[in-house]
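Enquirer: Please find one structure pasted underneath; my questions will follow.
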Amino acid sequence: MTGDIKLNPLEIPEIISLVGDFLGQDDIINWRALQNNKEHIEELHFFIRLSEDYRSLKDCSRLKRVSYQIPTHSSISNDLLELIKTHRTTITHFSVMYEYSGLGEIWEVLLECTNLRILEINSSNIIEEEVDLFFRVCKKLRRLEIHTVTVSHLPANFLSDDTDTFVFPIVKLIVDNIQILNPPYPHTSSYCLGMWTRRCPGLASLLFYPPQGVPEAIEIKQIGIDFYRAAFFHRPCTLTNISELHLYRVDIKDEDMARLKGSRATVKEITCGAEWASTGLIHLAIDLEADVNQETTEGMEMQRVVFRQIGRLTRLRILELTDWFSQSEKIKTLDLRLRAGLDELVDLKSLLNLFFLRDKHQQMQLEDATWIVSNWPSIKDLYGVVSSDPDTCSLVTKLLQSHNVTIQRH
Numbered sequence: 001m002t003g004d005i006k007l008n009p010l011e012i013p014e015i016i017s018l019v020g021d022f023l024g025q026d027d028i029i030n031w032r033a034l035q036n037n038k039e040h041i042e043e044l045h046f047f048i049r050l051s052e053d054y055r056s057l058k059d060c061s062r063l064k065r066v067s068y069q070i071p072t073h074s075s076i077s078n079d080l081l082e083l084i085k086t087h088r089t090t091i092t093h094f095s096v097m098y099e100y101s102g103l104g105e106i107w108e109v110l111l112e113c114t115n116l117r118i119l120e121i122n123s124s125n126i127i128e129e130e131v132d133l134f135f136r137v138c139k140k141l142r143r144l145e146i147h148t149v150t151v152s153h154l155p156a157n158f159l160s161d162d163t164d165t166f167v168f169p170i171v172k173l174i175v176d177n178i179q180i181l182n183p184p185y186p187h188t189s190s191y192c193l194g195m196w197t198r199r200c201p202g203l204a205s206l207l208f209y210p211p212q213g214v215p216e217a218i219e220i221k222q223i224g225i226d227f228y229r230a231a232f233f234h235r236p237c238t239l240t241n242i243s244e245l246h247l248y249r250v251d252i253k254d255e256d257m258a259r260l261k262g263s264r265a266t267v268k269e270i271t272c273g274a275e276w277a278s279t280g281l282i283h284l285a286i287d288l289e290a291d292v293n294q295e296t297t298e299g300m301e302m303q304r305v306v307f308r309q310i311g312r313l314t315r316l317r318i319l320e321l322t323d324w325f326s327q328s329e330k331i332k333t334l335d336l337r338l339r340a341g342l343d344e345l346v347d348l349k350s351l352l353n354l355f356f357l358r359d360k361h362q363q364m365q366l367e368d369a370t371w372i373v374s375n376w377p378s379i380k381d382l383y384g385v386v387s388s389d390p391d392t393c394s395l396v397t398k399l400l401q402s403h404n405v406t407i408q409r410h
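Per the UniProt record's numbering, residue 1 is the first one in the sequence shown, and the count goes up by one each step.
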């Protein structure tokens with residue numbers, strides 16, 4: 001048997017942590033075993049107002065994270081500020097929930113944290129005199145999560161400044177129920193949030209949820225449009241590294257940009273929009289409505305533009321063009337025929353599955369099916385009714401099945 005048989009269990013950090021779970025707030029700070037092993041503490045989470053007793057934790061040489069839920073109507077504790085100052089060279093992650101007024105001196109203290117990289121703010125207000133300090137703190141961050149927060153205004157010249165003054169190194173950004181209370185005229189709060197997002201050129205992960213309590217669905221939609229256009233449609237495109245995106249009902253994940261799942265888009269919207277910045281998608285799921293006359297020259301030209309956009313996603317494996325859960329009888333997505341631009345998808349050599357469920361308007365012909373099996377070597381399954389004409393549907397289905405392509409109608 002090796003080791004020191006006289007070792008006190010309360011000198012083992014893992015056991016100290018387990019025992020500490022059973023101690024009250026007043027007891028734990030005076031617990032000798034804790035005081036003797038402060039150098040092992042990496043995280044501190046407080047749910048009470050700090051007292052001066054906690055000043056004894058000033059020598060936590062490994063402390064990286066501090067989380068503090070400030071009691072309602074309490075002021076910021078000076079002991080919290082001192083705790084942060086004392087560990088300003090080690091703290092990398094700070095979380096705060098404070099439902100009263102502004103966060104005061106917190107921002108000045110966080111500016112002193114030389115290695116701060118992650119900031120989480122919940123249920124707080126960034127008041128007028130704190131705005132500039134807050135954005136200076138953001139210049140240090142790699143990850144910023146803000147939930148149910150109001151920001152008084154943007155810094156002066158934020159929208160027009162072309163220097164790197166307001167360029168942020170943030171890689172992960174969560175904007176959840178945030179409002180800019182005084183956006184510069186004529187812009188909206190969501191537009192300002194979009195421009196702020198755009199100023200994070202290294203952004204890989206973005207989650208955006210609109211403010212709560214918006215009374216009308218159309219207003220929610222407009223909020224999303226304002227944010228999305230500001231963040232993604234301005235030239236030059238800056239957000240080229242996105243690998244995870246959630247815009248209320250839009251969800252994207254991947255290796256480069258592996259999965260995009262969206263609520264709804266139309267042919268006209270995509271035709272009038274900018275080119276998609278990332279071509280790394282492997283799974284695209286979007287309720288894509290053909291809001292054009294598919295039999296006219298103009299309608300076919302617009303569809304071809306959309307096909308061309310999708311055709312740039314050369315790593316695509318799964319393509320979903322309709323909403324599985326829609327109860328509408330009027331679903332009509334892209335016309336999956338060569339005459340409408342199907343051949344623009346010639347480079348989708350990795351495509352495995354194509355979904356167009358609930359669309360009862362397809363008119364796929366034998367030549368279109370022949371093109372599919374000739375140009376998509378990986379194709380395994382088509383989900384949907386390939387033609388509204390029963391005889392043509394039968395012929396097309398048989399041809400595809402003869403090439404080991406399965407047709408699923410439901």
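For each residue, glycine too, the CB sits at the ideal point set by N, CA and C.
Extract the residue ranges of the alpha helix (DSSP H) inside the region 320 to 384, only unbroken runs of 4 or more that lie entirely within it.
Expert: With a minimum length of 4 residues, the continuous alpha helix (DSSP H) runs that stay inside the region 320 to 384 are 366 to 375.
Enquirer: Nearer than 7 angstroms: is that true of the beta carbon of ILE270 relative to any heavy atom of the ligand GTP?
Expert: Among the components modelled here there is no ligand, and therefore nothing to report on the ligand GTP.
Enquirer: Leaving out five residues on either side along the sequence, give the residues of the same chain with a beta carbon under 6 angstroms from the beta carbon of ALA231.
Expert: So the list reads GLY194, THR197 and ARG198, once near-sequence residues are dropped.
Enquirer: Looking at LEU336 and GLN362, is the spacing between their C-beta atoms short of 8 angstroms?
Expert: Yes, Cβ-Cβ distance for GLN362 and LEU336 is below 8 angstroms.
Enquirer: For a test of the three-state rule: what should DSSP assign to ILE270, helix, strand or coil?
Expert: Here ILE270 sits in helix by DSSP.
Enquirer: Using DSSP with H/G/I as helix, E/B as strand and the rest coil, what is PHE94?
Expert: Correct three-state label for PHE94: strand.
Enquirer: Going by the beta-carbon positions, is the gap between LEU63 and VAL109 smaller than 8 angstroms?
Expert: It is not a contact, given that the beta carbons lie outside the stated cut-off.
Enquirer: Using a Cβ-Cβ cut-off of 7 angstroms (strictly less than) and excluding sequence neighbours within five positions of LYS139, which residues of its own chain qualify?
Expert: PHE168.
Enquirer: Helix, strand or coil for VAL405? Go by DSSP, reduced to three states.
Expert: The answer is coil: DSSP assigns VAL405 none of H, G, I, E or B.
Enquirer: Give me the residue from TYR228, ILE118, LEU207 and ALA156 with the minimum Cα distance to LEU141.
Expert: Nearest option by C-alpha distance: ILE118.
Enquirer: Beta carbon of LEU116, beta carbon of THR89: below 8 angstroms?
Expert: Contact flag unset, no.
Enquirer: Rank TYR383, ASP381, TYR191 and ASN375 by C-alpha distance to the C-alpha of ASP347 and give the top, closest one.
Expert: The option with the nearest alpha carbon to ASP347 is ASN375.
Enquirer: Where does GLN212 sit, in a helix, a strand or coil, going by DSSP?
Expert: DSSP places GLN212 in coil when its eight states are reduced to three.
Enquirer: Taking ILE407 as the reference, give the member of ASP381, PRO211 and SER387 with the closest Cα.
Expert: Per the Cα distances, ASP381.
Enquirer: Starting from LEU173, follow its DSSP beta bridges and name the residues at the other end.
Expert: Per DSSP, LEU144 and LEU206.
Enquirer: Less than 8 angstroms between C-beta atoms, sequence neighbours within five positions excluded: which residues of the same chain meet that for ALA204?
Expert: Answer for ALA204: VAL171, LYS172, ASN241, ILE242, SER243 and GLU244, listed in chain order.
Enquirer: So for ALA156, helix, strand or coil by DSSP?
Expert: ALA156 falls in the coil class under three-state DSSP.
Enquirer: Between the C-alpha atoms of PRO377 and PHE356, what's the straight-line distance to the nearest angstrom?
Expert: Approximately 19 angstroms between the Cα atoms of the pair.
Enquirer: The alpha helix (DSSP H) that contains SER189, what's its start and end?
Expert: Segment 189 to 198, the alpha helix (DSSP H) holding SER189.
Enquirer: Exposed or buried, ASP391, counting other C-beta atoms within 10 Å across all chains shown (16 or more means buried)?
Expert: Exposed is the call here.
Enquirer: Identify the residues that DSSP records as bridge partners of THR150: which are they?
Expert: DSSP lists ASN125 and GLN179 as partners of THR150.
Enquirer: So for GLU82, helix, strand or coil by DSSP?
Expert: Note: GLU82 maps to helix in three-state DSSP.
Enquirer: Going by DSSP, name the residue or residues bridged to TYR100.
Expert: According to DSSP, which records beta bridges pairwise, TYR100 is partnered with nothing at all.
Enquirer: Which two residues bound the contiguous beta strand (DSSP E) that contains ILE286?
Expert: Element bounds for ILE286: 283 to 289.
Enquirer: Roughly how many angstroms separate the alpha carbons of ASN76 and GLN69, rounded to a whole number?
Expert: Just to set this straight, residue 76 is Ile in the shown sequence, not Asn. Cα to Cα, ILE76 sits roughly 10 angstroms from GLN69.
Enquirer: Report the partner residues of SER387 according to the DSSP bridge assignment.
Expert: Note: SER387 sits in a beta bridge opposite GLN363.
Enquirer: Based on Cα-Cα distance, which residue from LEU354, GLU112, LYS332 and ALA290 lies nearest to ILE282?
Expert: Taking only the C-alpha atoms, the option nearest ILE282 is LEU354.
Enquirer: Pull up the distance between the alpha-carbon of ILE146 and that of ILE121, whole angstroms please.
Expert: Straight-line Cα distance between these residues: approximately 5 angstroms.
Enquirer: Can you tell me whether DSSP reads ILE118 as helix, strand or coil?
Expert: DSSP places ILE118 in strand when its eight states are reduced to three.
Enquirer: For LEU352, which residues in the same chain have their Cβ closer than 8 angstroms to its Cβ, ignoring the five residues on either side in sequence?
Expert: Once the five neighbours on either side are set aside, the close Cβ partners of LEU352 are ARG317, ILE318, SER378, ILE379, LYS380 and ASP381.
Enquirer: DSSP on LEU44, reduced to helix/strand/coil?
Expert: Of the three classes helix, strand and coil, the one that applies to LEU44 here is strand, per DSSP.
Enquirer: Can you look up LEU242 in the DSSP assignment and give me helix, strand or coil?
Expert: One detail in the question is off: residue 242 reads as Ile in this sequence, not Leu. Coil.
Enquirer: How many Å lie between LEU83 and TYR100 at the Cα?
Expert: Approximately 21 angstroms between the Cα atoms of the pair.
Enquirer: Alpha carbon to alpha carbon, how far is ILE174 from LEU206? Give it in angstroms, no decimals.
Expert: Cα to Cα, LEU206 sits roughly 6 angstroms from ILE174.
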